[in-house]
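Just so you know, the protein sequences line up as chains A and B, in that order. Residue 355, in my numbering, is where the first sequence stops; the numbers in between run on with no holes. Residue 355, in my numbering, is where the second sequence stops; the numbers in between run on with no holes. Where is the CB? At the ideal position from N, CA and C, for every residue including glycine.
2 protein chains.
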Amino acid sequence: MNTAGTAPRRATIRTVAQAAGVSTATVSYVLSGRSGNTESSGVSSETELRVREAALGLGYRPNQAARAIRTGKSNLMMLSLTMLSDPWSLSVSKAVGSAVADAGITPMILADTDWRTAIRRQGADVVFIDAADGEGDAELLAELALSNRLVVFSETLEPNGFDVVRSMAGKSMEQAMDHLTASHSTVGCLTSAPSRKAPRQGRYGAYVRGLERAGLELREDHVATFDGDEFSAYEAAVTLLDQPDPPTAIFATSDFVAIAAIHAAQRLRLDVPGDVAVVGVGNTLQGEAMAPSLTSVGPAGFFDGLARFLVDRAHDPAAAVQVLEFPWQLFVRDSAPAVS
Amino acid sequence: MNTAGTAPRRATIRTVAQAAGVSTATVSYVLSGRSGNTESSGVSSETELRVREAALGLGYRPNQAARAIRTGKSNLMMLSLTMLSDPWSLSVSKAVGSAVADAGITPMILADTDWRTAIRRQGADVVFIDAADGEGDAELLAELALSNRLVVFSETLEPNGFDVVRSMAGKSMEQAMDHLTASHSTVGCLTSAPSRKAPRQGRYGAYVRGLERAGLELREDHVATFDGDEFSAYEAAVTLLDQPDPPTAIFATSDFVAIAAIHAAQRLRLDVPGDVAVVGVGNTLQGEAMAPSLTSVGPAGFFDGLARFLVDRAHDPAAAVQVLEFPWQLFVRDSAPAVS
DNA sequence: ATGAAAGCGCTAACAT
DNA sequence: ATGTTAGCGCTTTCAT
Numbered sequence: 016m017n018t019a020g021t022a023p024r025r026a027t028i029r030t031v032a033q034a035a036g037v038s039t040a041t042v043s044y045v046l047s048g049r050s051g052n053t054e055s056s057g058v059s060s061e062t063e064l065r066v067r068e069a070a071l072g073l074g075y076r077p078n079q080a081a082r083a084i085r086t087g088k089s090n091l092m093m094l095s096l097t098m099l100s101d102p103w104s105l106s107v108s109k110a111v112g113s114a115v116a117d118a119g120i121t122p123m124i125l126a127d128t129d130w131r132t133a134i135r136r137q138g139a140d141v142v143f144i145d146a147a148d149g150e151g152d153a154e155l156l157a158e159l160a161l162s163n164r165l166v167v168f169s170e171t172l173e174p175n176g177f178d179v180v181r182s183m184a185g186k187s188m189e190q191a192m193d194h195l196t197a198s199h200s201t202v203g204c205l206t207s208a209p210s211r212k213a214p215r216q217g218r219y220g221a222y223v224r225g226l227e228r229a230g231l232e233l234r235e236d237h238v239a240t241f242d243g244d245e246f247s248a249y250e251a252a253v254t255l256l257d258q259p260d261p262p263t264a265i266f267a268t269s270d271f272v273a274i275a276a277i278h279a280a281q282r283l284r285l286d287v288p289g290d291v292a293v294v295g296v297g298n299t300l301q302g303e304a305m306a307p308s309l310t311s312v313g314p315a316g317f318f319d320g321l322a323r324f325l326v327d328r329a330h331d332p333a334a335a336v337q338v339l340e341f342p343w344q345l346f347v348r349d350s351a352p353a354v355s
Numbered sequence: 016m017n018t019a020g021t022a023p024r025r026a027t028i029r030t031v032a033q034a035a036g037v038s039t040a041t042v043s044y045v046l047s048g049r050s051g052n053t054e055s056s057g058v059s060s061e062t063e064l065r066v067r068e069a070a071l072g073l074g075y076r077p078n079q080a081a082r083a084i085r086t087g088k089s090n091l092m093m094l095s096l097t098m099l100s101d102p103w104s105l106s107v108s109k110a111v112g113s114a115v116a117d118a119g120i121t122p123m124i125l126a127d128t129d130w131r132t133a134i135r136r137q138g139a140d141v142v143f144i145d146a147a148d149g150e151g152d153a154e155l156l157a158e159l160a161l162s163n164r165l166v167v168f169s170e171t172l173e174p175n176g177f178d179v180v181r182s183m184a185g186k187s188m189e190q191a192m193d194h195l196t197a198s199h200s201t202v203g204c205l206t207s208a209p210s211r212k213a214p215r216q217g218r219y220g221a222y223v224r225g226l227e228r229a230g231l232e233l234r235e236d237h238v239a240t241f242d243g244d245e246f247s248a249y250e251a252a253v254t255l256l257d258q259p260d261p262p263t264a265i266f267a268t269s270d271f272v273a274i275a276a277i278h279a280a281q282r283l284r285l286d287v288p289g290d291v292a293v294v295g296v297g298n299t300l301q302g303e304a305m306a307p308s309l310t311s312v313g314p315a316g317f318f319d320g321l322a323r324f325l326v327d328r329a330h331d332p333a334a335a336v337q338v339l340e341f342p343w344q345l346f347v348r349d350s351a352p353a354v355s
């Protein structure tokens with residue numbers, strides 16, 4: 016924990032105790048708040064004052080590792096966010112940042128890192144995992160849940176020692192597609208590469224069925240796939256739009272692709288929504304705040320709700336496991352307005 | 016650290032020792048790698064195997080808090096990043112992510128959080144602070160440096176118990192302005208609100224002097240200010256461009272405003288660089304990868320260099336304090352190409 | 001109202 | 001080659 020040259024040994028609880036002429040126990044009482052106004056347990060306000068002054072004078076800082084080993088609490092919240100530049104991740108981070116304000120807990124982000132290994136290295140009172148899909152993840156999570164309070168974001172996983180946060184798409188994807196097909200006869204899709212393999216499932220499935228409902232044909236040249244990062248998303252959007260017969264509307268399977276698509280369209284001198292309408296999925300803050308604001312389907316109050324839940328769990332890691340569901344809806348904004 | 020319902024007491028080093036029929040010391044030796052192939056200190060490979068099997072079978076995980084209290088090492092790197100959505104921050108995060116790959120250290124991001132309070136709560140082997148300007152920060156940092164290895168990014172601070180990372184703009188800002196004034200007679204500026212107060216200093220100062228060198232007048236309507244977030248930056252760019260007599264080039268004081276400016280221009284159906292050229296400051300990955308790629312002035316190899324430095328410090332927190340300087344240069348790319 | 005003392009899980013001398 | 005043991009800084013009974 017220390018330092019260059021001659022290390023001025025950090026003050027411990029014992030140093031403080033000596034300086035204040037009391038025992039370490041008393042110092043601990045005072046400094047961990049067991050001496051408040053309530054009559055709970057008593058340290059006279061004189062000694063309390065002396066202790067506080069000594070601590071201040073010595074620049075005493077409690078050693079969190081030592082505290083953690085005794086109490087089993089780290090006051091840490093860990094957020095594993097897979098793609099940090101995704102507005103979804105940024106929205107989570109921002110919401111959590113506000114929620115923990117005075118809760119005495121510190122949120123740390125594990126970015127683009129493998130939570131599978133990182134979690135065993137560093138514990139936290141609660142850890143949020145934004146993506147768990149892989150094969151054996153269910154078992155692994157169950158195992159990790161033995162020693163960490165886990166909150167997992169997943170549409171498919173069932174709670175098993177860990178909480179599951181789920182956003183229930185329900186009928187809202189259908190709504191989104193119907194919203195587009197109501198005024199467009201060509202609707203394109205931007206989706207992640209793997210999703211094409213399951214053409215009846217998930218977000219891409221919603222696209223396919225939406226076309227069917229509207230009696231529109233599924234055109235290969237109106238579907239573009241990307242993998243992972245935002246540049247790939249941008250390129251996919253260009254592929255879709257910079258062709259002889261581009262779609263006049265785009266169903267993007269996440270806000271972050273949708274935002275890339277809008278930028279791509281504008282670069283191609285296309286007006287959004289005039290020349291091409293865009294809807295995203297996720298209802299992120301960035302989508303809402305951009306210009307034109309992004310029409311998106313997603314859960315209402317999701318980020319704040321999630322943040323509150325995480326703070327709750329951090330405070331009470333022993334609470335019963337539960338699944339937290341956020342119903343979705345369609346948020347019609349400027350990038351794909353309602354037809355008049 | 017644990018859990019809902021009946022907590023299956025987590026295995027400790029002692030549990031493992033019993034199961035393997037050895038002492039805790041032996042377990043510790045094996046599990047913290049003091050039994051390698053070298054003849055350093057010896058644990059027979061049979062016992063090593065037995066220990067490893069026992070540990071595996073019991074699902075043993077070393078308690079990091081306990082380890083930290085003994086060794087004083089947390090294997091943690093803390094990155095305090097003030098505006099997480101800024102490509103600069105994302106570039107830092109990404110570079111660090113690669114650098115720590117097999118270094119056994121976990122990078123945690125403190126996002127938009129006040130490092131002043133957070134650091135005292137949670138220690139780390141090395142903590143990077145991306146912005147320290149405020150009044151008393153110099154003293155505070157010196158104090159925090161007593162108990163943490165600090166690496167501070169600052170143009171002005173002097174090392175004082177903490178390392179300073181500095182990117183030496185040198186003549187490169189002048190270059191950037193000259194690059195623009197060589198082919199443009201109207202150059203606008205996007206800068207942060209407070210910078211206007213010091214019209215001869217910093218990045219805004221470089222703009223002012225650049226105009227002077229070229230014999231161009233400083234026009235109030237060609238300077239727009241923003242504060243903080245990206246939406247404000249976007250608005251400022253629109254203000255600058257959506258007027259009767261907009262500039263044909265923009266000097267943006269950071270990549271993130273520059274990127275917002277390009278998006279704003281494209282939305283206004285302006286071609287970049289045809290109708291308006293843009294240069295940024297920072298030379299971030301996002302700027303480099305976008306379309307059109309962003310001409311920017313900034314340090315070469317900065318992010319990777321910084322990441323390596325941080326990993327070094329994490330491994331050897333007692334190394335002598337130093338200042339790390341990255342010379343800047345102008346990276347001419349598509350958003351403001353060279354004149355032919 | 002305060003203090004003595006027993007550990008939490010782990011590592012590192014120092015034995016053997 | 002392996003075991004004993006003394007703590008790291010802190011919290012928390014249990015005495016006083």
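| query | result |
| --- | --- |
| Give the list of continuous alpha helix (DSSP H) stretches no shorter than 4 residues that lie fully inside the stretch 74-145 of chain B. | 79-86, 102-114, 130-136 |
| Can you give the Cα-Cα distance for Gly-138 of chain B and Ala-146 of chain B, rounded to whole angstroms? | 18 angstroms |
| Where does Phe-266 of chain B sit, in a helix, a strand or coil, going by DSSP? | strand |
| Using three-state DSSP, classify Thr-53 of chain B as helix, strand or coil. | With a pLDDT of 46 at Thr-53 of chain B, under the threshold of 50, the modelled position of that residue is not reliable, and the figure given next carries that caveat. Three-state DSSP puts Thr-53 of chain B in coil, outside helix and strand. |
| Near Leu-155 of chain B, what residues of its chain come up, given a Cβ to Cβ distance below 8 angstroms and the 5 sequence neighbours on each side ignored? | Arg-131 |
| Using a Cβ-Cβ cutoff of 7 angstroms, what residues of the stretch 280-302 of chain A are near chain B? List them in chain order. | Gln-281, Arg-282, Arg-284 |
| Does Thr-128 of chain A get closer than 8 angstroms to chain B when you measure Cβ to Cβ? | yes |
| Quick one, are the C-beta atoms of Asp-101 of chain B and Gly-112 of chain A less than 8 angstroms apart? | no |
| Counting only runs of 3+ residues fully inside the stretch 264-344 of chain B, write out the beta strand (DSSP E) ranges in chain order. | 264-267, 292-296, 310-314 |
| Would you tell me roughly how many angstroms separate the C-alpha atoms of Gln-258 of chain B and Ala-276 of chain B, rounded to the nearest one? | 14 angstroms |
| Less than 8 angstroms separating the beta-carbons of Ala-160 of chain B and Gly-185 of chain B? | no |
| Classify Leu-226 of chain B as helix, strand or coil using the three-state DSSP reduction. | helix |
| Taking beta-carbon pairs under 9 angstroms, can you tell me which members of the stretch 237-262 of chain A lie near chain B? | Asp-244, Glu-245, Phe-246, Tyr-249, Glu-250, Val-253 |
| Is it the case that the stretch 340-348 of chain B contacts the stretch 180-199 of chain B, given that we only count it when at least three CB pairs across the two stretches are under 8 angstroms? | yes |
| Taking 8 angstroms as the CB-CB cut-off, is Glu-173 of chain A touching chain B? | no |
| Can you name the residues that DSSP bridges to Arg-181 of chain A? | A:Glu-340 |
| From the DSSP output, which residues share a beta bridge with Gly-48 of chain A? | Beta-bridge pairing links Gly-48 of chain A to no other residue. |
| Show which residues of chain A have a CB atom less than 8 angstroms away from the CB atom of Arg-215 of chain B. | Per Cβ cutoff of 8 angstroms: no residues; Arg-215 of chain B is ~34 angstroms from chain A at best. |
| Considering only C-alpha positions, which residue in the set A:Asp-140, A:Ala-118, A:Leu-105, A:Arg-135 is nearest to Ile-124 of chain B? | A:Leu-105 |
| Which residues of chain B have a Cβ atom closer than 7 angstroms to the Cβ of Leu-125 of chain A, listed in chain order? | Met-123 |
| So Ser-187 of chain A is in the alpha helix (DSSP H); what residue range does that whole segment cover? | 187-196 |
| Helix, strand or coil for Val-238 of chain A, going by three-state DSSP, please let me know. | strand |
| How is the alpha helix (DSSP H) around Val-31 of chain A delimited, first residue to last? | 28-35 |
| Would the C-beta of Ala-252 of chain B count as close to the ligand SAH, meaning under 7 angstroms from any of its heavy atoms? | As presented, the structure is devoid of all ligands, the ligand SAH included, so that no description of it is given. |
| Please state whether DSSP places Lys-220 of chain B in a helix, a strand or coil. | Note that residue 220 of chain B is Gly in the sequence shown here, rather than Lys. Gly-220 of chain B: helix per DSSP, three-state reduction. |
| Helix, strand or coil for Ser-60 of chain A per DSSP? | helix |
| Where does the unbroken beta strand (DSSP E) through Val-167 of chain A begin, and where does it stop? | 165-168 |
| Please state whether DSSP places Thr-201 of chain A in a helix, a strand or coil. | coil |
| Can you tell me whether Ala-351 of chain B is helix, strand or coil according to DSSP? | coil |
| At least one CB of chain A closer than 8 angstroms to the CB of Leu-91 of chain B: is that the case? | yes |
| Looking at C-alpha atoms only, which residue of B:Glu-61, B:Ser-38, B:Gly-72 is the closest neighbour of Arg-25 of chain B? | B:Gly-72 |
| Flag Ser-108 of chain B as yes if its beta-carbon sits less than 8 angstroms from any beta-carbon of chain A, otherwise no. | yes |
| Using DSSP bridges, identify the partner residues of Phe-246 of chain B. | DSSP lists no partner for Phe-246 of chain B. |
| Quick check on Ser-55 of chain A - is its C-beta less than 8 angstroms from some C-beta in chain B? | With a pLDDT of 47 at Ser-55 of chain A, under the threshold of 50, the modelled position of that residue is not reliable, and no figure is offered here. |
| Could you check whether the stretch 291-298 of chain A touches the stretch 261-280 of chain A, counting it as contact only if at least three pairs of C-beta atoms, one from each stretch, sit closer than 8 angstroms? | yes |
| Grouping DSSP H, G and I as helix and E and B as strand, with all else coil, what is Thr-39 of chain B? | helix |
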